[in-house]
Amino acid sequence: MPETPASQASKVHEFQTDDARLRPIYDKVVATERLSADDALALYQSKDILAMGWMANHVRERMHGDKTYFNVNRHINPTNVCVAYCRLCAFGRKKDAPGAYTMALEEAFQTAASGYSEAVTEFHIVGGLHPDLPFEYFLDLTKGLKERFPQVHLKAFTMVEVAFLAKRAKLSIRDTLIAMKNAGVDSLPGGGAEIFAERVRHIICDHKIDGSQWLETAKIAHELGLKSNATMLYGHLENDEDRVDHLMKLRDLQDQTGGFQTFIPLAFHPDNTPLSHIPWTTGFTDIKQIAVSRLVLDNFAHIKAYWQMLTPKIAQISLRFGSDDLDGTVIEEKIYHDAGAETPQGMRRQELMRLITQAGREPIERDTLYRPVTRTETTFTVAV
Ligand code: SF4
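Note that my numbering has the sequence shown beginning at 103, numbered continuously upward.
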């Protein structure tokens, strides 16, 4: 029997559910109507993952067909020294703690240059909140990277780092972002959002900026023309209402700025954190989180399944449950591996493409701004 084209999947399989709360949501989804906060809560509370998957896949195929994006990137974490001591974190260290490190600028440039021979299109740069490193260190870092690798997009600094550096430099958030942009920063990765709900945020990351400051920083970045992603850390102390609140706040801001490119749900990894008693998320929760995100965030173009946290297998399955992006080759991921991730630290381009094609999807190598990349062995061209 000939194989059914993947893009036909949601048309040939009838929608079915015995969860009465999902029927009106289905009607809205096929009519392209926005879901309410109550709808989002009903989705989180439902166990009918196949019905959710049907709807999320329907939206995903309506937006992207079979296209599934990935990029070739390299992570650079210039320092793990951090004053915030978030309970969710296994990466940050006190300055004199074993394993604490701070890269000299030359070391960071060498790190950037090492790795696969394939041309990297993006450096993803995030790190700890170092008590002594001056703002100039970070400006010199991005300036130096831009000089050495002018073709590589610099996706650098979470909203939390931006706010911290602004304070240290005694600048406004806006002026800090302008200085970063002038020093070569092209966009922001969107981490540090964790969960906006104050009750939980106080427990898991008390010393970070609060949710409204995160959103305000993102808003200013977008106003300055810097795109960003947005994340949500789930699977710790938050409840369904907190997750809904988080998604709604992101959706509201996206309505205002249109500056978010991708939403990335991040599964909490408890190992080596003060919250190590919390069990790991299950595949069911991970897949459901992808599906709900796709359904609720109707103004986000992309939902990313970050394979480093989800495992390549769950990330691959999620390509049929709403996600359209598998992140990148990620050379040398540190943050989640310090928290116990057993996934490889990087994946070759061919392996990412194999995961995508075996799910019946079409792999599209993209740059950070989702422009298709055409490559030879050592060079690449971006369609503009
Ligand atoms: S999550 Fe970020 S801000 Fe918090 S301790 Fe870890 S590195 Fe520092």
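Idealized CB from N, CA, C, for every residue including glycine.
Taking the Cα of Thr375 as reference, the smallest distance to any Cα among Cys307, Ser216, Met282 is reached at Cys307. Per the coordinates, the alpha-carbon of Lys272 lies some 25 Å from the alpha-carbon of Arg303. The nearest non-hydrogen atom of the ligand SF4 is less than 8 Å from the C-beta of Gly230. Judged by DSSP in its simplified three-state form, Glu224 adopts strand. For Val183, the secondary structure class from DSSP, reduced to helix, strand or coil, is strand.
The Cβ neighbour count for Gln410, taken over all protein chains shown within 10 Å, is at least 16; the residue is labelled buried. The beta carbons of Phe362 and Lys329 sit closer together than 9 Å. With respect to Pro465, Thr170 sits close: the two C-beta atoms are nearer than 9 Å.
As computed with DSSP, Pro372 is found in no beta bridge at all. Short of 7 Å from the beta carbon of Leu355, and not among the five residues preceding or following it, lie these beta carbons of its own chain, in chain order: Leu317, Ala320, Lys321. Straight through space, the alpha carbons of Arg270 and Pro236 are spaced by roughly 7 Å. Shown here for Gly385: same chain residues with a beta carbon closer than 6 Å to its own, the five before and five after excluded, namely Ile416 in chain order. In chain order, Ala186, Leu231, Gly293, Gly294, Lys310, Ile311, Trp316 place their CB closer than 8 Å to the CB of Val262, counting only its own chain and leaving out the 5 sequence neighbours on each side.
Cβ atoms of Ile405 and Ile392 come within 8 Å of each other, at about 6 Å. Looking at the DSSP output, Phe172 sits in a beta bridge with Glu467.
The criterion of a C-beta distance shorter than 9 Å is satisfied by Thr181 and Met205. For Leu428, no alpha helix (DSSP H) run applies; the uninterrupted beta strand (DSSP E) run containing it begins and ends at 427-430, by DSSP. Counted as a single uninterrupted DSSP element, the alpha helix (DSSP H) harbouring Thr359 occupies residues 342-359. In terms of CA proximity to Ala461, Asp168 leads the group Asp150, Trp156, Asp168. Set against 8 Å, the gap from the CB of Gly294 to the closest heavy atom of the ligand SF4 is smaller. With a threshold of 8 Å, the Cβ atom of Ala186 counts as near the ligand SF4, since some heavy atom of the ligand is closer than that. Between Leu335 and Leu190, the CB-CB gap stays under 9 Å. Buried is the label assigned to Arg396, since at least 16 other Cβ atoms lie within 10 Å of its Cβ.
Taking every protein chain shown into account, the CB of Asn179 has 16 or more other CB atoms within 10 angstroms, so this residue is buried. Between the ligand SF4 and Val475, a heavy atom-to-CB distance of less than 8 Å is absent. By the 16-neighbour rule on beta-carbons within 10 angstroms, Lys196 is exposed. For Leu143, the enclosing alpha helix (DSSP H) covers residues 139-147. Only exposed fits Thr476, as fewer than 16 other CB atoms lie within 10 angstroms of its CB. With a cut-off of 8 Å, the C-beta of Val302 is classified as distant from the ligand SF4, since no heavy atom of the ligand falls inside that distance.
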